[in-house]
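Contents: one structure, followed by commentary.
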Amino acid sequence: MTEGLEAILTDPAGAVIGLDFDGTLAPIVSDPEAARIHPAGPGVLARLGDLVGSLVVITGRPAATAVEYGSLDKVPGLVVLGHYGLERWEAGVLATPPVHPGLGRVRAELPGLIAPFEGVRIEDKGRAVAVHTRRAPQPQAALDALRAPVTMLAAETGLAVEPGKFVLELRPPGTDKGTTLTAFLRERSARAVLFAGDDLGDVAAFEVVRSCGLPGVTVFSGSPELTVEADIVVDGPAGVIDLLDSIATTLESR
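Residue numbers (the working numbering): 7 to 260.
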């Protein structure tokens, strides 16, 4: 048992449990619109929400989409921070900032950039736009070829590029999962923290867990093709749900 996990079990009222969505609560699928939370997820999260101080989902998706795809409106006390923290859903209320003005040009020019690449698609998230190469005949080669022009377009429009496994996301700068988790820990006066994620966008949150001065646990649920340092490594969303179920069961028995 890690020190951080022990602290969560000993003082659950002071614990923040943070979770990514895709690849952590929901299996990765070729069509992002088809992603749904692991079947056992809503029930386990509902139990956990009654047992720990704070439960938060921090995702690159729009907050309302994560709530819908995860049936998260039934989880007591849950906060969903969408678009890496630009949006906040809590108790059925969604708070959103203005849309970045550079996204209009991105929407106009991205189709031409990806046109030569078979199977590459665009996902419009409203406040961000993502280029997915997962369906390309050679996903990594397509990603590598698109990285420079997509990065240039982002720079010209005042956006940032968030890379992931077979995805390049153009989004407003200045917010990532690390800064968002830091602010949430401060808001909730956390005394311990766990964060689970599966991709490069979660590394910033992992670094916060390690450096924030609180007892902490990092949980990696991603592909073995990615090298990410974490305290606990589990097998995809099923492994995350099993771990959370174990935490809930232990707390319920105390």
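The C-beta atom is built at its ideal place from N, Cα and C for all residues, glycine as well. Note that the coordinates shown come from a computational prediction; the quantities given were computed from them, not determined experimentally.
Three-state secondary structure (DSSP) of residue i
i, result
"E269", "Residue 269 falls outside the range modelled here, since the chain spans only 7 to 260, and no answer is possible."
"I23", "strand"
"I64", "strand"
"L176", "strand"
"P104", "coil"
"R141", "coil"
"A46", "coil"
"P117", "helix"
"V112", "helix"
"A97", "coil"
Classification of residue i by the beta-carbon crowding that lies within 10 angstroms, buried from 16 upward
i, result
"S36", "exposed"
"K171", "buried"
"S227", "buried"
"E235", "exposed"
"T233", "exposed"
"D26", "buried"
"A19", "exposed"
"R67", "buried"
"G118", "exposed"
"A147", "exposed"
"E12", "exposed"
"P260", "One detail in the question is off: residue 260 reads as Arg in this sequence, not Pro. R260 should be labelled exposed."
"E168", "buried"
"P45", "exposed"
Rounded straight-line distance, which links the Cα of residue j to that of residue i
i, j, result
"G29", "V240", "11 Å"
"G88", "P122", "31 Å"
"P82", "R94", "15 Å"
"V173", "L57", "35 Å"
"L220", "G49", "28 Å"
"A151", "T256", "48 Å"
"Q144", "L250", "36 Å"
"E124", "Y90", "29 Å"
"P38", "G180", "24 Å"
"R216", "T8", "12 Å"
"T224", "V214", "10 Å"
"A258", "G24", "Residue identity differs from the one stated: residue 258 is Glu in this sequence, not Ala. Taking the straight line joining both Cα atoms gives about 20 Å."
CB of residue i within 8 Å of CB of residue j, strictly
i, j, result
"I253", "L54", "yes"
"A32", "A41", "yes"
"A198", "I14", "yes"
"P73", "F190", "It is worth fixing the name first, because residue 73 is Val in this sequence and not Pro. No, the pair does not count as a contact, with Cβ atoms beyond the cut-off."
"A114", "E175", "no"
"G207", "K183", "yes"
"C218", "T188", "yes"
"T139", "V126", "yes"
"P178", "L92", "yes"
"L159", "V112", "yes"
"G47", "I247", "yes"
"S60", "V22", "yes"
"Y75", "I34", "no"
Task: Segment contact, 8 Å Cβ cut-off, at least three pairs: the region 99-115 with the region 195-214 - done: no
Open item on the list: For the region 102-119 against the region 159-170, do three or more pairs of beta-carbon atoms, one drawn from each stretch, fall closer than 8 Å, so that the two count as touching?
Closed with: Short answer: they touch.
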